[in-house]
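Undergrad:
Residue numbers (UniProt numbering): 1 to 666.
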């Protein structure tokens with residue numbers, strides 16, 4: 001990557017320039033913005049060389065919209081013929097007159113029934129991933145004719161009709177979390193668009209004698225329609241075809257990434273992709289979306305920054321990698337530098353507000369960020385989320401909910417607002433609303449482990465522990481290096497009466513905490529396997545090796561150690577229970593220096609005396625009393641008297657020991 005020649009950089013510049021024009025022509029503004037930002041983040045010397053070598057006179061005479069993509073003579077002829085109509089239709093789209101834009105280019109889209117008709121093909125969620133909810137091959141009651149149009153005009157007409165359907169769907173959904181909100185209200189234009197695209201591709205397939213190149217945009221639109229209809233496997237195939245034909249259309253890459261839920265799926269998709277710069281960017285983006293954070297990913301980002309040294313997008317990806325690795329200081333520093341360089345850029349600043357929310361002594365910075373975002377654009381979802389976090393930090397949870405709902409009113413697909421609103425409803429003790437918010441979050445993005453964890457918490461508060469266990473397991477599978485996830489799984493197993501599985505989950509939590517404190521997971525996300533915690537599985541090949549085998553030379557969570565000991569006590573394995581109580585007690589002093597992990601800096605620190613360690617000390621004193629280890633029992637009981645916890649019971653133990661020893665002497 002670092003050895004790219006100047007000619008390769010000029011090729012990238014030319015591709016990005018064409019992509020910006022092509023995406024703007026088709027009203028894919030986010031893709032155009034992404035490509036334009038990358039274009040302007042290329043090295044300065046390349047831009048200066050390009051300006052000096054560019055023939056401005058020829059550029060003014062050239063029809064940029066025709067040359068924006070590789071088109072044959074027939075396609076160019078169609079674009080010239082319909083140019084005036086296309087410009088009018090695009091103006092209608094820019095003015096948000098989507099139906100008018102569609103019928104300008106495709107008059108046969110004029111409805112044969114009222115606009116509020118029911119969808120020709122019911123759009124219902126499938127039973128699982130890859131299941132078809134709305135089949136594009138289902139019979140249609142009304143099928144408009146497809147006149148001869150350029151690919152550009154056909155895309156804009158169908159895309160405008162799709163956006164019009166989405167707009168009507170949101171209008172029919174009415175209020176957030178209302179009775180019509182969610183999957184019950186569908187885009188009624190999907191069946192018509194799907195049928196037209198199916199016929200179009202079938203005609204291209206049948207016309208063997210005429211092989212005209214495709215620009216990839218119609219394949220992208222078909223992939224979106226299939227994805228909205230829950231036909232995800234087929235949607236993935238068409239999106240892969242789209243990015244193969246037009247590799248710089250970032251909107252297609254984003255939609256493809258939303259269909260990838262695991263690193264294994266990413267590896268499988270990558271096998272079908274042609275190695276290229278956009279594919280390289282896509283792999284880093286999806287790895288970040290899958291909460292991966294490793295040295296190899298940072299190395300890849302370093303290589304890309306050599307090509308795009310001023311890219312705010314790549315710098316944001318690095319900040320998000322630090323955020324997923326819980327390195328909030330580094331992530332905050334990067335976001336601060338991005339904000340200083342681009343003070344009016346609101347993209348991903350909602351994540352920055354999340355970081356400031358969890359950092360200590362950061363309320364003034366969060367307040368300043370909210371003021372800055374509000375001054376830039378008060379009606380952006382990111383701004384509403386930032387202000388909501390500001391109110392939540394101040395414990396004004398009702399006001400926080402108002403702003404999170406406002407963000408969702410502006411964009412119902414804005415994932416972080418659903419999750420954060422669920423958190424606020426938990427604080428307000430509105431469990432039902434919290435569960436529904438979290439459910440909408442996972443509907444929008446199945447990779448959001450925070451929403452899965454929130455669902456588990458909601459059902460736990462309702463004492464529905466089997467449901468809570470399922471959702472906690474989903475969260476732990478997505479974030480296997482987060483001890484909080486495994487601790488939640490362990491507590492749910494305990495409440496479901498599955499002590500052995502609970503012990504194994506708690507041990508995973510300890511192992512995850514120890515591993516995350518020493519090193520981050522690798523690029524493939526290898527960590528404690530989420531399997532082996534089924535309803536009937538208690539032992540197996542994966543469970544033979546104690547997860548704590550690698551936890552050497554670090555401070556462990558005393559509460560989890562105490563919980564494991566109590567579970568062993570319930571299983572009548574008192575020897576194991578005593579061993580974990582001793583481990584819990586040892587956390588007061590921390591690990592010895594010779595037990596520290598090599599390369600760890602700083603003196604070992606313990607927790608000091610806590611309520612949990614005092615409970616462990618009392619349990620061990622009773623254990624010593626039962627084993628007639630009088631000296632050990634008195635020692636532990638005297639320590640309890642000095643600590644101030646469980647003093648009366650400790651004094652009683654001392655009296656009993658003295659009574660027993662006095663009887664033994666007589």
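Even for Gly, the Cβ is constructed at its ideal location relative to N, Cα and C.
Nearest by alpha-carbon distance to residue 192: which of 171, 109, 256 and 416 is it?
TA: Taking only the C-alpha atoms, the option nearest residue 192 is 109.
Undergrad: What is the rounded straight-line gap between the Cα of residue 628 and the Cα of residue 652?
TA: Their backbone Cα atoms lie some 16 Å apart in a straight line.
Undergrad: So for residue 27, helix, strand or coil by DSSP?
TA: Three-state result, residue 27: coil.
Undergrad: Which same chain residues, not among the five before or five after residue 370, have their C-beta less than 6 Å away from its C-beta?
TA: Excluding residues within five positions, the ones whose Cβ falls inside 6 Å are 386, 387 and 390.
Undergrad: For the candidate residues 174, 302, 434 and 307, whose alpha-carbon lies nearest to that of residue 8?
TA: That would be 307, whose Cα lies nearest to the Cα of residue 8.
Undergrad: Apart from the five residues just before and just after residue 293, which ones in its own chain have a Cβ nearer than 6 Å to its Cβ?
TA: 321, 324, 325 and 520.
Undergrad: Give a single yes or no on whether residue 464 has its beta carbon closer than 7 Å to a heavy atom of the ligand ADP.
TA: Looking at this structure, you won't find the ligand ADP or any other ligand, since it has none at all.
Undergrad: Can you have a look at residue 30 and say buried or exposed, based on whether 16 or more other CB atoms are within 10 angstroms of its CB?
TA: Flag for residue 30 reads exposed.
Undergrad: Go through the UniProt repeat "TPR" (415-448) residue by residue and report every complete run of the alpha helix (DSSP H) that reaches 4 residues or more, in order.
TA: Runs found: 415-427 and 431-444.
Undergrad: My output table needs one value for residue 364: the three-state DSSP class, helix, strand or coil.
TA: It is helical.
Undergrad: Between which two residues does the alpha helix (DSSP H) harbouring residue 668 extend?
TA: Only positions 1 to 666 of the chain appear in this structure, which leaves residue 668 out of reach.
Undergrad: Is the beta carbon of residue 290 sitting closer than 8 Å to the one on residue 447?
TA: Yes.
Undergrad: Please classify residue 660: does DSSP put it in a helix, a strand, or coil?
TA: Of the three classes helix, strand and coil, the one that applies to residue 660 here is helix, per DSSP.
Undergrad: Taking only runs of the alpha helix (DSSP H) that begin and end inside the UniProt repeat "TPR" (449-482), which ones reach a length of at least 4 residues, in chain order?
TA: Those alpha helix (DSSP H) runs which fall completely within the UniProt repeat "TPR" (449-482) and span 4+ residues are 449-461 and 465-478.
Undergrad: Along the chain, where does the alpha helix (DSSP H) containing residue 92 start, and where does it finish?
TA: Its alpha helix (DSSP H) spans residues 83-94.
Undergrad: Which same chain residues end up closer than 7 Å to residue 173 when comparing Cβ atoms and leaving out the 5 residues on each side of it in sequence?
TA: These residues qualify, in order along the chain: 180, 181 and 185.
Undergrad: In this structure, does DSSP put residue 496 in helix, strand or coil?
TA: Reduced to three states, the DSSP call for residue 496 is coil.
Undergrad: Beta-carbon within less than 7 Å of residue 248's beta-carbon, same chain only, minus the 5 sequence neighbours each way: which residues are those?
TA: Hits under 7 Å: 15, 16, 19, 35 and 278.
Undergrad: Grouping DSSP H, G and I as helix and E and B as strand, with all else coil, what is residue 271?
TA: If DSSP states are grouped into helix, strand and coil, residue 271 belongs with coil.
Undergrad: So, is residue 319 buried or exposed, given that buried needs 16 or more other C-beta atoms within 10 angstroms?
TA: With 16 or more Cβ atoms within 10 Å of its Cβ, residue 319 is classed as buried.
Undergrad: Residue range of the alpha helix (DSSP H) that residue 335 falls in?
TA: Segment 328-341, the alpha helix (DSSP H) holding residue 335.
Undergrad: Between 575, 251 and 255, which has its C-alpha nearest residue 236's C-alpha?
TA: Nearest option by C-alpha distance: 255.
Undergrad: Between residue 241 and residue 219, how many whole angstroms is the CB-CB distance? I'm expecting something under 8 Å.
TA: The Cβ separation is near 5 Å, so the contact holds.
Undergrad: Would the beta-carbon of residue 214 fall within 8 Å of that of residue 245?
TA: Contact flag set, yes.
Undergrad: Taking all protein chains shown into account, decide if residue 187 is buried (16 or more other Cβ within 10 angstroms of its Cβ) or exposed.
TA: When all chains shown are included, residue 187 counts as buried.
Undergrad: Under 8 Å: do the region 430-440 and the region 410-419 share three or more Cβ pairs, one atom per stretch?
TA: Touching, yes.
Undergrad: In the DSSP assignment, find the alpha helix (DSSP H) that holds residue 240 and state where it starts and stops.
TA: 232-245 is the extent of the alpha helix (DSSP H) around residue 240.
Undergrad: What is the DSSP secondary structure of residue 399, reduced to helix, strand or coil?
TA: Reduced to three states, the DSSP call for residue 399 is helix.
Undergrad: Within 10 Å of its beta-carbon, does residue 381 have 16 or more other beta-carbons around it, so buried, or fewer, so exposed?
TA: With 16 or more Cβ atoms within 10 Å of its Cβ, residue 381 is classed as buried.
Undergrad: What's the C-alpha gap between residue 415 and residue 253?
TA: Between residue 415 and residue 253, the C-alpha separation is close to 18 Å.
Undergrad: Determine the closest residue to residue 615 out of 107, 645, 283 and 631, with distance taken between C-alpha atoms.
TA: Checking every option, the nearest Cα to that of residue 615 belongs to 645.
Undergrad: Going by DSSP in three states, residue 43 sits in which element: helix, strand or coil?
TA: Coil at residue 43, not helix or strand.
Undergrad: Given that a residue counts as buried once 16 or more other Cβ atoms are within 10 Å of its Cβ, and exposed if not, what is residue 57?
TA: Only weak support exists for where residue 57 lies, its pLDDT of 43 falling under 50; the coordinates are left without a value.
Undergrad: Are residue 155 and residue 221 closer than 8 Å when you measure CB to CB?
TA: Result yes, Cβ atoms of residue 155 and residue 221 sit closer than 8 Å.
Undergrad: Leaving out five residues on either side along the sequence, give the residues of the same chain with a beta carbon under 7 Å from the beta carbon of residue 558.
TA: If we look at residue 558 and ignore the five residues flanking it on each side, its Cβ neighbours are 584, 587, 607, 610, 612 and 613.
Undergrad: Skipping 5 residues on each side, what residues in its chain have a beta carbon closer than 6 Å to that of residue 282?
TA: Cβ within range, chain order: 253.
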